[in-house]
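Engineer:
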Amino acid sequence: EPEVTQTPSHQVTQMGQEVILRCVPISNHLYFYWYRQILGQKVEFLVSFYNNEISEKSEIFDDQFSVERPDGSNFTLKIRSTKLEDSAMYFCASTQLAALYGYTFGSGTRLTVV
Amino acid sequence: KQEVTQIPAALSVPEGENLVLNCSFTDSAIYNLQWFRQDPGKGLTSLLLIQSSQREQTSGRLNASLDKSSGRSTLYIAASQPGDSATYLCAVSGTASKLTFGTGTRLQVTL
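Chains as they are written, first to last, in this note's numbering: chain A, 1 to 114; chain B, 115 to 225.
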């Protein structure tokens with residue numbers, strides 16, 4: 001069964017550093033998402049991406065965050081200057097058409113900011 | 115703003131019991147509802163997807179129902195096994211095509 005692949009599985013970074021989280025969505029999917037889950041809290045929507053542009057973003061997704069689809073397969077989340085409160089599990093998801101098929105999630109990247 | 119609540123927050127049952135997990139949402143204008151399983155420190159595994167026009171979906175020992183007008187869904191697990199121990203998340207997809215997640219129910223099935 002097709003999978004959404006995320007790398008790395010765990011990243012430790014120093015406060016103020018830039019990190020890039022990588023995702024390879026399922027190949028025929030058109031819509032891409034990033035979510036995050038702070039330890040012990042709900043999974044929260046960050047951003048959706050369709051047709052090479054952001055279609056929606058949450059209030060969490062401020063200027064320190066950016067997303068990119070640099071080629072036909074990768075989808076990245078960049079955090080420009082990490083803060084301690086950015087420590088969380090970050091999930092990538094994709095769908096062909098959410099209303100009909102639902103979403104497929106990757107296994108996540110655990111980001112620890114020290 | 116859509117709010118999703120899951121009850122109970124935690125549940126412990128002996129192996130073999132049937133159980134029901136509950137999910138409620140405040141805005142009935144949804145496209146679909148999806149149940150996920152999350153093991154500790156792991157990703158989200160999709161269990162069942164119910165379209166807004168459907169009443170229920172079944173997969174093996176799992177059955178999910180949806181009452182859109184009352185803003186409720188249930189996940190029924192039959193003949194529970196220790197391997198079912200995990201956190202179960204309910205999520206709804208609304209007009210903005212993003213998922214809003216519930217707080218989750220942490221299930222432990224004991225021997």
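All residues carry an ideal CB built from backbone N, CA and C; glycine is no exception.
Which residues does DSSP pair with T50 (chain A) in a beta bridge?
Structural biologist: Here residue 50 (chain A) refers to the residue found at position 50 when the first sequence is read from its first residue. Residue 50 (chain A) is actually Tyr in this sequence, not Thr. Paired residue(s): A:Y31 and A:E53.
Engineer: Under 9 Å between C-beta atoms, does K156 (chain B) make it to chain A?
Structural biologist: Taking the first residue of the second sequence as 1, we reach residue 156 (chain B) at position 42. Taking Cβ atoms only, chain A reaches closer than 9 Å to K156 (chain B), which makes this a yes.
Engineer: Under the assumption that F45 (chain A) contacts L133 (chain B) (Cβ atoms under 8 Å), give the Cβ distance between them as a whole number of angstroms.
Structural biologist: By one-based count along the first sequence, residue 45 (chain A) stands at place 45. By one-based count along the second sequence, residue 133 (chain B) stands at place 19. Contact doesn't hold; Cβ gap of about 29 Å is too wide.
Engineer: Per DSSP, which residues does L163 (chain B) bridge with? Please list them.
Structural biologist: In the second sequence, the residue the question calls residue 163 (chain B) occupies position 49. Per DSSP, B:Q148.
Engineer: Apart from the five residues just before and just after M119 (chain A), which ones in its own chain have a Cβ nearer than 8 Å to its Cβ?
Structural biologist: With chain A running from 1 to 114 in the structure shown, residue 119 (chain A) is simply not present.
Engineer: Is the region 1-21 of chain A close to the region 128-148 of chain B, with three or more CB pairs under 8 Å?
Structural biologist: With the cut-off at 8 Å, the region 1-21 of chain A and the region 128-148 of chain B do not touch.
Engineer: Can you give, in chain order, each stretch of the beta strand (DSSP E) that sits fully within the region 69-98 of chain A and has at least 3 residues?
Structural biologist: Those beta strand (DSSP E) runs which fall completely within the region 69-98 of chain A and span 3+ residues are 75-79 and 88-95.
Engineer: What residues in the region 170-204 of chain B have a beta carbon less than 9 Å from any beta carbon of chain A?
Structural biologist: Against chain A - using a Cβ distance shorter than 9 Å - the residues of the region 170-204 of chain B are L203.
Engineer: At the level of alpha carbons, what is the spacing between Y103 (chain A) and T224 (chain B)?
Structural biologist: By 1-based counting over the first sequence, the position of residue 103 (chain A) is 103. By 1-based counting over the second sequence, the position of residue 224 (chain B) is 110. Their Cα atoms are separated by approximately 31 Å.
Engineer: Would DSSP call G216 (chain B) helix, strand or coil?
Structural biologist: Against the second sequence, residue 216 (chain B) aligns to sequence position 102. Of the three classes helix, strand and coil, the one that applies to G216 (chain B) here is coil, per DSSP.
Engineer: For the region 56-85 of chain A, which residues have a CB atom closer than 9 Å to at least one CB atom of chain B, in sequence order?
Structural biologist: Those residues of the region 56-85 of chain A that come within reach of chain B (Cβ to Cβ, closer than 9 Å) are E56 and S58.
Engineer: Hey, does L163 (chain B) have any beta-carbon neighbour from chain A nearer than 9 Å?
Structural biologist: Start at 1 with the first residue of the second sequence, and residue 163 (chain B) comes out as number 49. Cβ-Cβ to chain A under 9 Å: yes for L163 (chain B).
Engineer: Between D198 (chain B) and R220 (chain B), what straight-line distance do the alpha-carbon atoms span, to the nearest angstrom?
Structural biologist: Taking the first residue of the second sequence as 1, we reach residue 198 (chain B) at position 84. Taking the first residue of the second sequence as 1, we reach residue 220 (chain B) at position 106. Their Cα atoms are separated by approximately 10 Å.
Engineer: As a quick exercise: from B:S142, B:S173 and B:L158, pick the residue whose alpha carbon is nearest that of K182 (chain B).
Structural biologist: Here residue 182 (chain B) is taken as the residue at index 68 of the second sequence, counted from 1. The residue with the shortest Cα to Cα distance from K182 (chain B) is B:S142.
Engineer: Does the Cβ of R22 (chain A) lie closer than 8 Å to at least one heavy atom of the ligand MG?
Structural biologist: As for the ligand MG, it is missing from this structure, which has no ligand bound.
Engineer: Could you spell out the range, first to last residue, of the beta strand (DSSP E) harbouring T188 (chain B)?
Structural biologist: The count along the second sequence starts at 1 and reaches residue 188 (chain B) at position 74. R186 to I191 is the extent of the beta strand (DSSP E) around T188 (chain B).
Engineer: Distance check for A124 (chain B) and F32 (chain A), CA to CA, integer angstroms please.
Structural biologist: Walking along the first sequence from the start, residue 32 (chain A) turns up at place 32. Walking along the second sequence from the start, residue 124 (chain B) turns up at place 10. Looking at the two C-alpha atoms, the distance is approximately 31 Å.
Engineer: Closer than 8 Å by beta-carbon distance: list the chain B residues that pair up with D104 (chain A), in chain order.
Structural biologist: Counting from 1 along the first sequence, the entry for residue 104 (chain A) is found at position 104. With the sequence shown as reference, residue 104 (chain A) is identified as Thr, and Asp is not the correct amino acid for it. Within 8 Å Cβ-Cβ: S160.
Engineer: Here's a check: name, in chain order, each residue in its chain whose Cβ is nearer than 7 Å to the Cβ of Q116 (chain B), leaving out the five neighbours to either side.
Structural biologist: For this step, residue 116 (chain B) is matched to residue 2 along the second sequence. Closer than 7 Å at the Cβ level, and outside the excluded window around Q116 (chain B), lie F139, T140, D141, V206, G208 and T214.
Engineer: For a quick check, are the C-beta atoms of C137 (chain B) and L189 (chain B) less than 9 Å apart?
Structural biologist: Here residue 137 (chain B) refers to the residue found at position 23 when the second sequence is read from its first residue. Here residue 189 (chain B) refers to the residue found at position 75 when the second sequence is read from its first residue. Yes, the pair counts as a contact, with Cβ atoms nearer than the cut-off.
Engineer: Give the DSSP-derived three-state secondary structure of P128 (chain B) in the structure shown.
Structural biologist: Reading the second sequence from its first residue, position 14 is the one you call residue 128 (chain B). If DSSP states are grouped into helix, strand and coil, P128 (chain B) belongs with the strands.
Engineer: Helix, strand or coil for L133 (chain B) per DSSP?
Structural biologist: To locate residue 133 (chain B), count along the second sequence from 1; it is residue 19. L133 (chain B) falls in the strand class under three-state DSSP.
Engineer: Assign D86 (chain A) to one of two classes, buried (16 or more other C-beta atoms within 10 Å of its C-beta) or exposed (fewer than that).
Structural biologist: In the first sequence, the residue the question calls residue 86 (chain A) occupies position 86. It is buried - the Cβ of D86 (chain A) has at least 16 other Cβ atoms within 10 Å.
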